[in-house]
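Everything below concerns the one structure shown next.
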Amino acid sequence: MVLPSLRVIIDGDGNKVYSRGDKVTGRIVCVAEEQEHVESLKVVLTGSCVTKTTRSFFSVGSDISDQLRRDYEERICLFNHEQELVPRSTLRPNKYSWTFEFTFPELTEPHYKRVVHGANYLRRPHPLPPSFQLQTSVPGGAAQVVYSVQAKLKLGGSKGSRRAKHILQYQPKPPGDASRDIQTFSSALYGQTWKPTTAEEDAKPTVNKVFTKVSGRSSSKTEPAPRIVPIISYPERVAPGHHIPLELKLINTRDPLNEAQSECTLDSLSVTLSTYSTSMCGNSSTQPEDIVLKHVPCIARTNMNKSVLFGTAQALTNNFRLVTDTECVPTFKTYTITRRYTLSISIGIKYADQRSTIHFTTPLEILPPRPHRLLPPPLEEGDEIDPLPLYMPRELDMECAPDYELVCALSRTSSASASSTLSRSTSSSFNSGAGTPSTSSSTPDEKMKQPVFRHEEA
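In this text, residue positions in the sequence shown follow full-length UniProt numbering: the first is 1, and each later residue adds one.
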């Protein structure tokens with residue numbers, strides 16, 4: 001007995017990334033080697049959210065805590081669109097093909113009550129999450145969001161059924177304002193106000209310092225030490241491929257207009273992108289949750305020694321962009337899986353040989369990738385970019401490469417002339433003391449082709 005074979009074929013590019021409203025078309029191919037009684041043949045476009053984890057039966061740290069574990073698994077159907085291609089019938093030995101067409105929905109379909117599933121569940125339908133797959137640090141822990149087209153062939157009698165599946169990649173569409181420039185916000189970090197002291201203030205007795213602070217008067221004729229309040233400008237939403245602007249402004253509250261033209265020194269910069277992924281399964285009474293935390297250092301600079309005038313914004317990044325890859329998943333929250341990001345900035349500043357460090361962390365929403373037509377143009381020559389790490393010199397190799405002109409000359413002359421050419425070149429380059437190799441062309445001028453320039457009209 002040979003069971004019929006079943007296959008799902010998607011029209012167009014099989015690796016296409018779909019979004020809401022996109023149509024999915026294709027065909028189901030079935031090859032029957034012998035006559036088959038079919039109960040039904042259905043094709044389904046479905047999306048599912050699956051979470052798995054394990055927990056120990058005993059307390060953590062015991063010898064058998066990692067050997068005996070309880071399995072948890074939860075499957076949630078985001079949506080399910082079904083079409084019946086063949087009702088109950090008989091298929092003779094032959095090759096059959098049926099076409100299908102689906103449209104990706106905009107929202108999920110299930111409704112859940114928080115009394116049953118807990119407060120962390122989204123009660124109402126929400127936008128479909130992107131395709132996602134993650135392995136947690138817990139043994140057996142995993143989380144995935146999968147979209148697929150499935151064919152289900154139910155055979156008559158005791159033959160059971162046959163299934164075939166084709167996985168689809170899904171990505172939400174960027175919001176309507178995605179084509180606009182990235183909007184930045186500013187935060188004044190009053191809690192990190194820095195009060196450096198001058199050498200004269202350090203030399204004063206403690207009593208005099210207290211009197212000066214209370215009275216607000218200073219007998220010194222020198223410029224008082226600044227009172228520095230940092231202000232950081234940052235975006236709250238970014239998309240892969242677009243510049244992430246970060247700026248720093250230092251305000252001297254003792255001279256807000258900076259009439260003295262004082263300045264501070266930018267000494268170091270560190271930017272880190274943190275990823276938080278949560279996977280939950282269970283019900284309202286038992287909800288084992290796995291959290292995967294990952295920190296990705298993006299920028300690390302030291303000894304910058306860049307002067308920054310008080311009251312003047314200083315750009316911290318140049319063409320700092322996110323790369324579209326499997327790690328750069330758009331921020332989302334669905335029933336049992338969430339993905340979010342934070343951006344942490346650490347800035348070192350100096351004033352009069354005194355140092356201070358500014359720390360700032362903000363949530364960062366990563367949007368879906370934008371279409372290529374909306375991406376900024378590629379960099380042109382002369383554009384300022386964040387430099388690569390400095391080149392580290394290595395020990396030179398004493399073996400010298402052959403002279404290019406000599407190689408060309410040897411390939412065009414006989415062995416006798418090549419030998420004389422080599423001896424003359426060696427004596428002129430190494431024995432004369434000048435050390436300057438010949439730069440004359442080995443090809444006669446009359447045989448060299450001149451370049452032809454064409455001017456094309458736009």
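Every residue gets a Cβ at the ideal spot worked out from N, C-alpha and C, and that includes glycine.
Figure out for me which residue from the options has the closest Cα to the Cα of residue i.
i           : options              : result
residue 459 : 343, 13, 365 and 37  : Residue 459 lies beyond the range of the chain shown here (1 to 458); nothing can be said about it.
residue 139 : 84, 159, 34 and 71   : 71
residue 95  : 343, 31, 246 and 225 : 31
residue 84  : 51, 5, 154 and 317   : 154
residue 350 : 296, 228, 15 and 124 : 228
residue 39  : 87, 22 and 233       : 87
residue 339 : 305, 286 and 290     : 290
residue 462 : 3, 292, 194 and 192  : Missing from the structure shown is residue 462; the chain here goes from 1 to 458 and no further.
residue 21  : 314, 257 and 127     : 127
residue 34  : 352, 93 and 7        : 93
residue 292 : 136, 108 and 17      : 136
residue 304 : 348, 224, 49 and 226 : 348
residue 546 : 346, 313 and 97      : Outside the modelled stretch of the chain, which goes from 1 to 458, sits residue 546, for which no answer is possible.
residue 18  : 182, 238 and 148     : 148
residue 109 : 5, 317, 129 and 15   : 129
residue 324 : 317, 193, 369 and 15 : 369
By Cβ distance, which residues of its chain are closer than 7 angstroms to residue i, with the 5 residues on each side in sequence left out?
i           : result
residue 263 : 307, 308, 309 and 310
residue 82  : 42 and 44
residue 259 : none
residue 188 : 229 and 231
residue 288 : 53, 55, 72, 281 and 282
residue 396 : Caution is warranted here: a pLDDT of 46 is assigned to residue 396, below 50, making its placement in the model unreliable, and the coordinate value is therefore given only provisionally. Nothing meets the Cβ criterion.
Can you look up residue i in the DSSP assignment and give me helix, strand or coil?
i           : result
residue 311 : coil
residue 169 : strand
residue 287 : coil
residue 190 : helix
residue 12  : coil
residue 176 : helix
residue 142 : strand
residue 159 : coil
residue 50  : strand
residue 110 : coil
residue 234 : strand
residue 197 : coil
residue 227 : coil
residue 100 : strand
residue 69  : strand
residue 137 : coil
residue 57  : coil
residue 335 : coil
residue 151 : strand
residue 21  : coil
residue 254 : coil
residue 164 : strand
residue 121 : coil
residue 2   : coil
residue 370 : coil
residue 292 : strand
residue 259 : coil
residue 349 : strand
residue 131 : coil
If I measure Cβ to Cβ from residue i and keep anything under 8 angstroms in the same chain, skipping five residues before and after, which residues do I get?
i           : result
residue 121 : 112, 114, 335 and 336
residue 341 : 273, 274, 275, 276, 331, 363, 364, 365 and 366
residue 298 : 271, 272, 273 and 320
residue 69  : 54, 55, 56, 57, 139 and 140
residue 235 : 182, 183, 184, 185, 244, 245 and 364
Which residues in the same chain have their Cβ closer than 6 angstroms to the Cβ of residue i, if we skip the five residues on either side of it in sequence?
i           : result
residue 322 : 240 and 328
residue 37  : 90 and 156
residue 233 : 184, 186 and 247
residue 134 : 143 and 277
residue 80  : 46
residue 25  : 11 and 101
residue 354 : 196
residue 152 : 42 and 163
At least one CB of chain C closer than 9 angstroms to the CB of residue i: is that the case?
i           : result
residue 252 : The chain inventory of the structure shown lacks chain C, comprising one protein chain alone.
With which residues is residue i paired in a DSSP beta bridge?
i           : result
residue 340 : 276
residue 32  : 94
residue 79  : 47
residue 321 : 243
residue 264 : 308
residue 37  : 90
residue 300 : 270
residue 363 : 342
residue 84  : 42
residue 327 : Note: residue 327 sits in no beta bridge, so no partner.
Original post:
Within the chosen definition, does the stretch 92-103 reach the stretch 241-254 through at least 3 CB pairs nearer than 8 angstroms?
Top reply: no
**OP:** Mind the definition here: the stretch 158-172 touches the stretch 67-86 only if three or more C-beta pairs lie below 8 angstroms; say whether that holds.
**Re:** no
**OP:** Specify whether the stretch 350-359 and the stretch 156-165 touch according to this definition: at least 3 beta carbon pairs, one from each stretch, less than 8 angstroms apart.
**Re:** no
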